[in-house]
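Input: a single structure, listed below in structure tokens.
Number of protein chains: 2
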Amino acid sequence: MPKRVDHAERRTQIAEALVRVAGRRGLHAVGMRDVAAEAGVSLRLVQYYFETKEKLLLYGLEHLAARFGERVAARAGSAGAAAGPRATAESLLLASLPTDEESRTFHLVYTSYAVLSVTEPALAAQPFLQRPGAAEDALTDLLRQAQAAGLTRPGLDARTEAITLLALAAGLGTSILVGHRTPDAATTVLRHQLDRAFEREGRD
Amino acid sequence: MPKRVDHAERRTQIAEALVRVAGRRGLHAVGMRDVAAEAGVSLRLVQYYFETKEKLLLYGLEHLAARFGERVAARAGSAGAAAGPRATAESLLLASLPTDEESRTFHLVYTSYAVLSVTEPALAAQPFLQRPGAAEDALTDLLRQAQAAGLTRPGLDARTEAITLLALAAGLGTSILVGHRTPDAATTVLRHQLDRAFEREGRD
DNA sequence: AACAACGTGGTACGGTCGTATCACGAAAAT
DNA sequence: ATTTTCGTGATACGACCGTACCACGTTGTT
């Protein structure tokens with residue numbers, strides 16, 4: 001058995017096990033023993049690296065948010081600045097929709113955390129839940145660029161439109177999650193709203 | 001001690017106790033003993049009227065959805081058909097935002113149920129979560145009426161706009177709930193979207 | 001008047017959960 | 001080479017949870 005283990009790596013391994021089992025059985029149903037089994041380690045190990053369950057949950061959320069942030073940024077970046085602000089905004093918003101299994105898990109677990117944070121002060125204090133303003137700012141900037149280039153509907157308020165698009169994506173995401181709507185239908189609705197923001201005079 | 005008690009009334013009393021404590025401490029933290037204490041009855045009584053916890057939760061959701069449906073309908077109705085479709089749509093959507101304590105509790109508990117239903121098949125089978133199509137249909141009708149009266153933006157697709165508005169309201173509602181946004185800010189955004197749907201040609 | 005069914009309280013049981021304790025082997029330090 | 005620290009396992013403990021069981025008074029029925 002190797003000694004002098006990399007703590008950060010182990011914590012990540014365990015946190016990802018937490019996210020997996022939370023995505024499968026729901027965050028409310030995850031116990032320390034489940035996480036240990038999923039990660040392939042003993043219960044004692046989970047206790048060793050995260051002394052308490054609360055700390056495990058906190059770290060799990062932190063890790064989840066970071067991973068998803070990277071994912072969305074990667075997608076938005078791969079569309080590239082070359083493709084124009086409209087394409088960038090679209091891929092940013094679509095990347096946040098629970099279409100594949102990974103983003104579905106993210107949405108479910110993240111929403112679970114959000115709901116938990118309403119009644120659990122320790123979670124509410126975490127910055128990942130209280131400042132999703134990053135996405136809002138990024139999208140607002142994108143819209144302002146498009147506006148300066150004359151690509152947007154006249155009279156558009158960039159910040160309001162950004163808030164609208166993000167809230168819409170969040171609402172649609174939840175709809176998909178609970179099975180009210182298909183990913184395709186949600187995508188269509190989201191594109192429709194984008195079309196309206198980016199339509200130039202005289203079109204339509 | 002009175003015998004021959006009204007079962008329906010008792011069940012309602014207990015279900016409302018469930019909703020209250022769920023709104024206060026989170027649905028995940030609700031136990032039978034908590035519900036009993038909140039309702040002012042013994043644990044045995046809760047077991048007597050709802051044999052199992054699952055049945056209690058199911059009934060609680062049913063009751064919650066019914067009460068909120070009445071609330072929204074009452075608000076939309078009080079705006080009256082006289083005030084026009086725009087005002088009716090607005091009060092319908094604003095009534096679903098968690099502004100006061102009652103709707104805040106509703107949103108929190110309802111969202112908790114929604115999240116639970118993703119991983120709990122028994123809850124997902126409930127019709128209150130799987131068909132909120134009623135609101136969508138009602139709003140679509142409203143928009144079609146307005147469309148026929150020439151009150152809406154040209155080229156508007158009533159169903160898509162209804163879906164958009166409802167998803168937007170849901171997303172904004174969650175934002176309010178977790179403290180990202182104030183009710184006022186959310187109301188402004190929602191009104192803005194309504195303005196766009198109802199704007200006539202030549203204005204703007 | 002006797003009996004059956006309903007409503008209610010108290011309490012106990014089995015299980016699970018988060019956490020704590022004890023023990024031990026392997027690496028690092030001296 | 002010895003000692004100390006680190007990583008790991010197994011197991012125990014106390015609390016709580018949902019549920020089941022038992023007993024008793026009250027009300028309606030015959």
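Protein chains in written order, with UniProt numbering: chain A, 1 to 204; chain B, 1 to 204.
Each residue gets a CB set at the ideal place from its N, CA and C atoms; glycine is no exception.
Keep in mind that this is a model prediction, so the values were computed, not measured.
#### Entry: Neighbour list for residue 187 of chain B in chain A, Cβ cutoff strictly below 8 Å
Near residue 187 of chain B there are no residues of chain A at all, since even the closest Cβ is about 12 Å away, more than 8 Å.
### Contacting residues, own chain, Cβ-Cβ under 6 Å from residue 4 of chain A (five flanking each side not counted)
none
### Message
Need the endpoints of the alpha helix (DSSP H) that residue 44 of chain B sits in, please.
### Response
43-49
### Message
Distance check for residue 81 of chain A and residue 28 of chain B, CA to CA, integer angstroms please.
### Response
44 Å
### Query
Going by other Cβ atoms of all chains shown within 10 Å of its Cβ, with 16 needed for buried, is residue 245 of chain A buried or exposed?
Any question about residue 245 of chain A goes unanswered here, given that chain A covers just 1 to 204.
### Message
To test your reading of the DSSP string, which unbroken alpha helix (DSSP H) runs of 4 or more residues are found completely within the region 124-190 of chain B?
### Response
127-130, 133-148, 158-177
### Task
Verify whether the separation of the beta carbon atoms of residue 58 of chain B and residue 187 of chain B is less than 8 Å.
no
### Message
Helix, strand or coil for residue 121 of chain A? Go by DSSP, reduced to three states.
### Response
helix
### Query
Under 8 Å between C-beta atoms, does residue 167 of chain A make it to chain B?
yes
### Task
Note down the Cα distance separating residue 198 of chain A from residue 42 of chain A, rounded to an integer number of angstroms.
54 Å
### Message
Using a Cβ-Cβ cutoff of 7 Å, what residues of the region 135-168 of chain B are near chain A? List them in chain order.
### Response
155, 160, 163, 164, 167, 168
### Query
Taking all protein chains shown into account, do 16 or more other C-beta atoms lie within 10 angstroms of the C-beta of residue 137 of chain A, making it buried, or fewer, making it exposed?
exposed
### Task
With DSSP collapsed to three states, give me the class of residue 60 of chain B.
helix
### Limits of the unbroken alpha helix (DSSP H) element including residue 12 of chain A
7-25
### Query
How about the region 104-121 of chain A and the region 106-115 of chain B: do they share at least three Cβ pairs that are nearer than 8 Å?
yes
### Query
Rounded to a whole number of angstroms, what is the C-alpha to C-alpha distance between residue 72 of chain B and residue 140 of chain A?
33 Å
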